[in-house]
Structure formats: structure tokens, C-alpha cells
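**Student:** Could you have a look at this structure, given as C-alpha cells, before my questions?
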Amino acid sequence: KAGVTQTPRYLIKTRGQQVTLSCSPISGHRSVSWYQQTPGQGLQFLFEYFSETQRNKGNFPGRFSGRQFSNSRSEMNVSTLELGDSALYLCASRRTSLSSYNEQFFGPGTRLTVL
Amino acid sequence: ELKVEQNPLFLSMQEGKNYTIYCNYSTTSDRLYWYRQDPGKSLESLFVLLSNGAVKQEGRLMASLDTKARLSTLHITAAVHDLSATYFCAVDGGGTSYGKLTFGQGTILTVHP
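Residue numbers (our numbering), protein chains in the order written: chain A, 1237 to 1351; chain B, 44 to 156.
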């Protein structure tokens, strides 16, 4: 069974630009969450999407947005990039059925560097 | 707001020794996870702990959960070099925050020969 996939794996952007990251969940998983990992702040929750609806949101500015498509694939967008947005962005998927542990499985991440 | 604290943050161990990583969290939750991260890699799921008194073991690692004390432990038995990595605990927010994980700072484990 294929795991969570994320594209691209590496990105270099300059301040002020915008970026879109993509995540394909494990087949059958309907929830996709996004996390940001930085050396200073650690792992922080960005948002979760389920059935194309944002279900939870972390404490990030409105420059960070996301969406989910009918096939459960998700994208996140960061507009007006700042140097502090340089991070590893991790996507996680889970099944969300009542009988499962609802364990989140993480993708390989997208390493974003803002210059 | 849910807060999760791990200690120690850095752990240097000799091979063959035992040690425990602690994970404390601030509000009630019935769902706690342990993950491993190798340098430059993503998070690998180790354990899912769902109820008070839950204990899970895999190889040299054993995790437990005490929901009343809001404490989870990850015990390492007879450490080997391959266990060198960063270990994170993560707590599910529950209720309206179900599925939102709050992570500890991570424990960087280095096992020396």
C-alpha cells in the first residue's frame, strides 16, 4: 500500500513569492493534516481537511491556506513568503473511521527554503 | 491550550544501557502517539496509546500511558546504535480539536558504543 506522498520534495523561493505544496493521502484515508517543522518552533499544526472542509486550524496567519479535493488530495498555499516560512512542511493522513486508531501517517515532507 | 513537554531534550546513552523519556501534557486526552524521526526524514509512527494504563512494546522500546497523571513514558532497554534518532510524543486535542496533534519538543537520542 502506497504511503503519503508529497510534491515537490524541495523548493527554493524568494521573499514575497507564493508557493503551493501538494499531498496525496494513503488510499482510503479521508483526512489530511498539515504541520510545519522548524528548529525554533518544533512541529506545529497548520490545519486539517476532511471531506473537502477545513475542520481544524492552528495559529498561523491567513497567508497560510489549504484546500482538499474530492479525491482527498490536498494542497496548501503560502502567499507573500517570509524568511521565517523556511521549514519542513509535513502532510499526514488518517482514515477517520470509528474502528481505527485514527493514527496519522506522515509523508516525506517538502523542504521549503525562502531566500 | 494543550501543552506537551518532553524530557530530557538531549540524551546520550551508552550501548546496552536503559533509559526513559518522559512526556507530560497539560489537559485531558485519551490518545497519545510516539514518533521517531531520523535526520532529514519524516516521522515514523512507533506507538499509539489509547487508554489509561496502556502499554505497548516493540523490540527494545516500550511505551506506557497514565491519563490520570497526564504522563507517558518511552523506555529504552539495552540501547543499540540504531536507536539514535529524535523521538517525539504527540497528544491528540480531542473534542472539537480531535485529530489536531500537539507535539513535544522532541528528545534527541544518541547511542554511543
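Virtual Cβ for every residue (Gly too), placed ideally from N, Cα, C. Quick caveat, the model's predicted, so the values are computed rather than measured.
On the criterion of 16 or more Cβ atoms from any shown chain inside 10 Å, does S1335 of chain A qualify as buried, or is it exposed?
**Tutor:** Note that S1335 of chain A scores 49 on pLDDT, short of 50, meaning its location in the model is unreliable and no value can be drawn from it.
**Student:** Q1340 of chain A touches chain B at which residues, Cβ-Cβ below 7 Å?
**Tutor:** Per Cβ cutoff of 7 Å: L144.
**Student:** Using a Cβ-Cβ cut-off of 8 Å, state whether N1307 of chain A counts as contacting chain B.
**Tutor:** No, because no Cβ of chain B sits closer than 8 Å to the Cβ of N1307 of chain A.
**Student:** Between R1331 of chain A and chain B, is there a C-beta pair that is closer than 8 Å?
**Tutor:** Chain B contact via Cβ: absent.
**Student:** By how many angstroms is the C-alpha of A106 of chain B removed from the C-alpha of N67 of chain B?
**Tutor:** Whole-angstrom Cα-Cα distance: 13 Å.
**Student:** For the stretch 70–78 of chain B and the stretch 112–124 of chain B, state whether three or more C-beta atom pairs, one from each stretch, are separated by less than 8 Å.
**Tutor:** These segments touch.
**Student:** In terms of residues, what are the limits of the beta strand (DSSP E) holding D135 of chain B?
**Tutor:** Per DSSP, D135 of chain B belongs to the beta strand (DSSP E) from A128 to G137.
**Student:** For R1299 of chain A, count neighbouring Cβ atoms within 10 angstroms of its own Cβ and tell me buried if that reaches 16, exposed if not.
**Tutor:** It is exposed - the Cβ of R1299 of chain A has fewer than 16 other Cβ atoms within 10 Å.
**Student:** Around the Cβ of Q1304 of chain A, are there at least 16 other Cβ atoms within 10 angstroms (buried) or fewer (exposed)?
**Tutor:** The residue in question, Q1304 of chain A, is buried, as its Cβ has 16 or more Cβ neighbours within 10 Å.
**Student:** Just curious, the beta strand (DSSP E) that D109 of chain B is in, first and last residue?
**Tutor:** Counting along the chain, the beta strand (DSSP E) containing D109 of chain B begins and ends at L104 to D109.
**Student:** Inspect the beta-carbon positions of Q80 of chain B and T150 of chain B and report whether they are closer than 8 Å.
**Tutor:** Not in contact: Q80 of chain B and T150 of chain B (Cβ atoms no closer than 8 Å).
**Student:** So for H118 of chain B, helix, strand or coil by DSSP?
**Tutor:** Reduced to three states, the DSSP call for H118 of chain B is strand.
**Student:** Taking 6 Å as the limit between beta carbons, can you name the residues of its chain near I1248 of chain A, skipping five residues before and five after?
**Tutor:** Taken in chain order, the residues that qualify are T1349.
**Student:** Leaving out five residues before and five after N95 of chain B in sequence, what residues of the same chain have Cβ atoms less than 6 Å from its Cβ?
**Tutor:** Closer than 6 Å at Cβ, skipping near neighbours: T110.
**Student:** Which term fits G142 of chain B, buried or exposed, when burial requires 16 or more other beta carbons within 10 angstroms of its beta carbon?
**Tutor:** Buried, since its Cβ has 16 or more Cβ neighbours within 10 Å.
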